[in-house]
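Structure first, then comments.
There are 2 protein chains.
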Amino acid sequence: MLHHLANNDTICALATPPGTSAIALIRLSGPESFNITDSIFVPYKKGDTIQKAEPYTIHFGKIFDENVMLDQVLVSVFKSPHSYTGEDSVEISCHGSTFIQQKLIELLLKQGARMAEAGEYTLRAFFNGKFDLSQAEAVADLIASNSSASHNLALEQIRGGFSAKIKTLRQELVDLASLIELELDFAEEDVEFADRTRFLQLLAEISKEINQLIESFALGNVIKHGIPVAIIGKTNAGKSTLLNRILQEEKAIVSEIPGTTRDSIEDTISIEGFAFRFIDTAGLRSSTDKIENLGIERTYEKIRQSKIILYVCDITQSTPNDLEATLEDFKEHIEDENKRFILIGNKIDELVEMPHFFNKFVDLETIFVSAKRNENINLILDSLVASVKDLDLGDNTIVSNARHLGALNKVAEAINAVEIGFHDGIPTDLIAIDIRTALHYLGEITGEVTNNELLGNIFGKFCIGK
Amino acid sequence: MLHHLANNDTICALATPPGTSAIALIRLSGPESFNITDSIFVPYKKGDTIQKAEPYTIHFGKIFDENVMLDQVLVSVFKSPHSYTGEDSVEISCHGSTFIQQKLIELLLKQGARMAEAGEYTLRAFFNGKFDLSQAEAVADLIASNSSASHNLALEQIRGGFSAKIKTLRQELVDLASLIELELDFAEEDVEFADRTRFLQLLAEISKEINQLIESFALGNVIKHGIPVAIIGKTNAGKSTLLNRILQEEKAIVSEIPGTTRDSIEDTISIEGFAFRFIDTAGLRSSTDKIENLGIERTYEKIRQSKIILYVCDITQSTPNDLEATLEDFKEHIEDENKRFILIGNKIDELVEMPHFFNKFVDLETIFVSAKRNENINLILDSLVASVKDLDLGDNTIVSNARHLGALNKVAEAINAVEIGFHDGIPTDLIAIDIRTALHYLGEITGEVTNNELLGNIFGKFCIGK
Chain A
14 MLHHLANNDT
24 ICALATPPGT
34 SAIALIRLSG
44 PESFNITDSI
54 FVPYKKGDTI
64 QKAEPYTIHF
74 GKIFDENVML
84 DQVLVSVFKS
94 PHSYTGEDSV
104 EISCHGSTFI
114 QQKLIELLLK
124 QGARMAEAGE
134 YTLRAFFNGK
144 FDLSQAEAVA
154 DLIASNSSAS
164 HNLALEQIRG
174 GFSAKIKTLR
184 QELVDLASLI
194 ELELDFAEED
204 VEFADRTRFL
214 QLLAEISKEI
224 NQLIESFALG
234 NVIKHGIPVA
244 IIGKTNAGKS
254 TLLNRILQEE
264 KAIVSEIPGT
274 TRDSIEDTIS
284 IEGFAFRFID
294 TAGLRSSTDK
304 IENLGIERTY
314 EKIRQSKIIL
324 YVCDITQSTP
334 NDLEATLEDF
344 KEHIEDENKR
354 FILIGNKIDE
364 LVEMPHFFNK
374 FVDLETIFVS
384 AKRNENINLI
394 LDSLVASVKD
404 LDLGDNTIVS
414 NARHLGALNK
424 VAEAINAVEI
434 GFHDGIPTDL
444 IAIDIRTALH
454 YLGEITGEVT
464 NNELLGNIFG
474 KFCIGK
Chain B
14 MLHHLANNDT
24 ICALATPPGT
34 SAIALIRLSG
44 PESFNITDSI
54 FVPYKKGDTI
64 QKAEPYTIHF
74 GKIFDENVML
84 DQVLVSVFKS
94 PHSYTGEDSV
104 EISCHGSTFI
114 QQKLIELLLK
124 QGARMAEAGE
134 YTLRAFFNGK
144 FDLSQAEAVA
154 DLIASNSSAS
164 HNLALEQIRG
174 GFSAKIKTLR
184 QELVDLASLI
194 ELELDFAEED
204 VEFADRTRFL
214 QLLAEISKEI
224 NQLIESFALG
234 NVIKHGIPVA
244 IIGKTNAGKS
254 TLLNRILQEE
264 KAIVSEIPGT
274 TRDSIEDTIS
284 IEGFAFRFID
294 TAGLRSSTDK
304 IENLGIERTY
314 EKIRQSKIIL
324 YVCDITQSTP
334 NDLEATLEDF
344 KEHIEDENKR
354 FILIGNKIDE
364 LVEMPHFFNK
374 FVDLETIFVS
384 AKRNENINLI
394 LDSLVASVKD
404 LDLGDNTIVS
414 NARHLGALNK
424 VAEAINAVEI
434 GFHDGIPTDL
444 IAIDIRTALH
454 YLGEITGEVT
464 NNELLGNIFG
474 KFCIGK
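Protein chains in written order, with our numbering: chain A, 14 to 479; chain B, 14 to 479.
Have a look at this one:
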């Protein structure tokens, strides 16, 4: 939680990841940034001070803790309003030892800076009008993005496409509201300034756009967090060989690049720019068995959470009865419109002839592969990517933030109430209340309407140093 | 291993730790740094280019991959020779998502940059005369340092104190050698240009200084890697409570600072600026038992490796016989001049009267504490710090690098051979060979004498991006 809303003291934090590296960056922002830096920094260029420095310049020198030199550093100078926060700012680029990072931050604190809280730099940028709220949130999304789709989505939101859309909708509602309020002022004269037919038409348009935004969240969420894909099947079906094949395809691509995230975010890979989250499941028992333990229960839980299920079977071992029993087991998921169930017939390399009984399941998407020989794996990848492309809303604005979705749902609800109100001939002053509610929630998305709790929730989720 | 010695193509690498953060820094160095940056960077200030930019300036703009915007970045410009490497250099400060880091590096590679190898920036700084070899090595030490003592040692070495010392010694030897070589040129005339008494005196002085440097390694090594301290004792002696007490003292200090290393470097703490490496040992069986398994064997191995042994005993349970048997077991270590064996009498809180039999071991350093009540723990810490201070060589130059120690040993050996040679009246041309050997190894320390294998060994240990 943020404790320092709208303060203007001077804050500092490490802006690069903790740990040892060639370089670490420590940021200062606030009115005392230059003075604090000058109190510990001795530039090589005689007479140079950060206070007098031109903006966008770099200064080479030494950091001293009283008479003891701590490090040789580069100091970058940014002057209000031309900085990330909009305030006077300094970035100190030091050697990346944890000792130096700690000592330098201690020194800055001793000289009067305060440790920045999570998200406090971006919060200040918001207060100084550098970003609206949805743009500020997209900064956190940009930093967290791990695929080209989620990256572009965050970038588009920072650019303000989504904000502009929301602001346009809000302006239309404000125009509507002002006419309604005008009617209220002249209530005793019983005039209707606003043409009801035009009103309802406008409301329908706004409502349609709000609903499109709400619907776009399905795609937005998937882009942001990756599509959950469960690979399930009996243990000897070749499930793990298949998973390795799928991951290795990607591994080969990312291994050219150092510092990739594959080690930490296990089994999340990006295919054609979309992230897929592969969910490892424990081997399933044959359909006649009961669920016996929590391990299996957890597998079923994961299957429920996933959007795509790859059911892997060993076609050399499958019998029609087996397969039918399995499909009966997963009936609920197969029939779920929001899920895809793909049957993967593995081990085609071991077959002379295709077992004809698979033809019985014509309605089911089936892909025959050899995980061992790496055959037809690309068909699976193509099918996965097609799942996302089916969701594609073209050039429409996409909502990816759960907070925005919540607010949009409230807006839709309020507008629906307005429509019903008009239809039922409810008094104008009551309708005005619902319009104000819709305006309030639209305003919360971009930050035109805000409160400390809301800001605390949003910026508290940022990393320190941003 | 370095494959690109003395190349002057343009290299790039991530200079900040891998992972997600507010900011990441990607560095370019080499003749094409400005052109490569200009090919992907569109500054906000119209007409601005990195090629035309003033040195030490910062440029705000966007990175494009063909027509697709990747990120908003800051580009810092450094012009040869005023950069870390001495070459034209650029630092691109981007948002710290792993996706952006990867894509930006891919883009730079596509535009003709090459991925930098470990240590390649500092290697280039060495080739461009920014550092000598021992200073370059100290850059890696600086980044790795985790206590104020190791930090200051690295900083002193970067400043060139050690290099100056070595160069002075080498110059004295060069002067000596040139007189010897002169004698060789006039060999048939059988003159002695060099006064033998003065020679031997000079050799003795050099020899003394070399030996002082060699001896300083004991302290240098301890400062750099921390003093290994084994805490041993029977399992109910309060060993782990004591360890927690010692570590918690430090925990309280470091917890004020974010991004500390305590999580990763378990049990290494800094007391009064010196690092101590606490070695966790399995509980020891009573002295009459035989070593029964590998676990216990490993404990004894760790005891052998440590410089300080804290033997913790529960004084409420100790008997004179017990204690005597234990001390007999550890006789080898107690009598080792290079080790300290400290007896920790724990649980004084549970005693009414001090057991008088402890007086028998007057020669042994004994500290009575209550780990439970946190009493007298500071006496242990004081004693640990005193161990380092005893080693203190004052203002003398301290060697902390094993490679330097190796070279100095070779120098000492060669000088010893010269002294013996003079003493035994060995022909001057043979003595000259030993002098040249001493000169060679002194030159290897600072890099006046070098070869690719040596450089590969040194810089291959650096982190990528430095």
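Beta carbons: idealized from backbone N, C-alpha and C, even for Gly.
Where residue i meets chain A, residues with beta-carbon distance less than 7 Å
| i | result |
| --- | --- |
| Ser-319 (chain B) | Within 7 Å Cβ-Cβ: nothing; Ser-319 (chain B) doesn't reach chain A, min ~23 Å. |
| Ser-158 (chain B) | Ser-110 and Phe-112 |
| Lys-479 (chain B) | Ala-35 |
| Leu-168 (chain B) | Met-82 |
Under 9 Å from the C-beta of residue i: neighbouring residues of chain B
| i | result |
| --- | --- |
| Ser-176 (chain A) | The contacting residues do not exist; Ser-176 (chain A) stays about 16 Å from chain B at best. |
| Ser-89 (chain A) | Ile-71, Leu-87, Ser-89 and Ser-106 |
| His-164 (chain A) | Leu-83, Asp-84, Ser-110, Phe-112, Ile-113 and Lys-116 |
Closer than 8 Å at the beta carbon, the chain B residues around residue i
| i | result |
| --- | --- |
| Thr-70 (chain A) | Tyr-69, Thr-70 and Ile-71 |
| Thr-29 (chain A) | Thr-29, Pro-30, Ser-34, Ala-35, Ile-36, Ala-37, Leu-38 and Gly-109 |
| Leu-255 (chain A) | Result: empty, since nearest Cβ-Cβ is about 26 Å, beyond 8 Å. |
| Cys-476 (chain A) | Thr-33, Ser-34 and Ala-35 |
6 Å Cβ shell around residue i - same chain, five flanking residues per side excluded
| i | result |
| --- | --- |
| Gly-74 (chain B) | Phe-54, Val-55, Pro-56 and Tyr-57 |
| Lys-237 (chain A) | Ser-163 and Ser-413 |
| Ala-425 (chain A) | Ile-223 |
| Thr-98 (chain B) | Ser-42, Tyr-134, Arg-137 and Ala-138 |
| Asp-9 (chain B) | Past the edges of chain B, shown from 14 to 479, lies residue 9 (chain B), and the structure says nothing about it. |
| Asn-13 (chain A) | Only positions 14 to 479 of chain A appear in this structure, which leaves residue 13 (chain A) out of reach. |
| Val-152 (chain B) | Thr-135 |
| Asp-2 (chain A) | Outside the shown range of chain A, which is 14 to 479, sits residue 2 (chain A), and nothing can be said about it. |
| Ala-167 (chain B) | Ala-151, Asp-154, Leu-155 and Ser-158 |
| Leu-323 (chain A) | Ile-244, Ile-355 and Ile-357 |
Close Cβ partners of residue i (< 7 Å) along its chain, the five nearest in sequence each way excluded
| i | result |
| --- | --- |
| Glu-285 (chain B) | Val-398 |
| Gln-148 (chain B) | Gln-170, Ile-171, Gly-173 and Ser-176 |
| Thr-254 (chain A) | Ala-384 and Lys-385 |
| Gly-460 (chain A) | Phe-139, Asp-145 and Leu-146 |
| Arg-183 (chain B) | Leu-452, Leu-455 and Gly-456 |
| Ser-93 (chain B) | Gly-99, Glu-100 and Asp-101 |
| Ala-157 (chain B) | none |
| Asp-442 (chain B) | Leu-197 |
Burial state of residue i, where buried means 16 or more other Cβ atoms lie within 10 Å
| i | result |
| --- | --- |
| Pro-440 (chain B) | exposed |
| Ser-277 (chain A) | Note that Ser-277 (chain A) has pLDDT 31, beneath the 50 cutoff, so the model's placement of it is unreliable and the number below is only indicative. Flag for Ser-277 (chain A) reads exposed. |
| Ala-384 (chain A) | buried |
| Asp-437 (chain B) | exposed |
| His-417 (chain A) | buried |
| Asp-154 (chain A) | buried |
| Thr-111 (chain B) | buried |
| Asn-351 (chain B) | exposed |
| Gln-114 (chain B) | buried |
| Gly-478 (chain B) | buried |
| Val-235 (chain B) | buried |
| Ala-190 (chain A) | buried |
| Leu-364 (chain B) | exposed |
| Ile-240 (chain A) | buried |
Minimum Cβ-Cβ distance from residue i to chain C less than 8 Å
| i | result |
| --- | --- |
| Gly-60 (chain B) | Annotation note: the requested chain C is absent from the structure, which comprises protein chains A and B. |
Contact set for residue i: own chain, Cβ-Cβ below 8 Å, skip 5 residues either direction
| i | result |
| --- | --- |
| Asn-387 (chain B) | Arg-258 |
| Glu-194 (chain B) | Ala-445 |
| Arg-449 (chain B) | Ala-190 |
| Ala-265 (chain B) | At Ala-265 (chain B), the pLDDT of 36 sits below 50, so the modelled position is not reliable; the number obtained from the coordinates is stated separately. Result list for Ala-265 (chain B): empty, nothing under 8 Å. |
Contact list for residue i against chain B, beta-carbon separation under 7 Å
| i | result |
| --- | --- |
| Leu-155 (chain A) | His-108 and Ser-110 |
If you pair each beta-carbon of the stretch 465 to 477 of chain A with each one of the stretch 127 to 142 of chain A, do three or more pairs fall below 8 Å? Taking one beta carbon from each stretch, the stretch 465 to 477 of chain A and the stretch 127 to 142 of chain A have 3 or more pairs nearer than 8 Å; the two touch.
Contact the stretch 24 to 43 of chain A vs the stretch 20 to 30 of chain B: 3+ CB pairs below 8 Å: Result yes; three or more Cβ-Cβ pairs closer than 8 Å.
To test your reading of the DSSP string, which unbroken alpha helix (DSSP H) runs of 4 or more residues are found completely within the stretch 133 to 193 of chain A? 133 to 140, 146 to 157 and 161 to 172
Just list the beta strand (DSSP E) runs in the stretch 25 to 92 of chain B, keeping only unbroken ones of 3 residues or longer that don't cross its boundaries, in chain order. 34 to 42, 54 to 56, 70 to 78 and 81 to 91
Residue ranges of each alpha helix (DSSP H) run of no fewer than 4 residues wholly in the stretch 360 to 430 of chain B, ordered along the chain? Taken in chain order, the unbroken stretches of alpha helix (DSSP H) that lie wholly in the stretch 360 to 430 of chain B and span 4 residues or more are 390 to 404.
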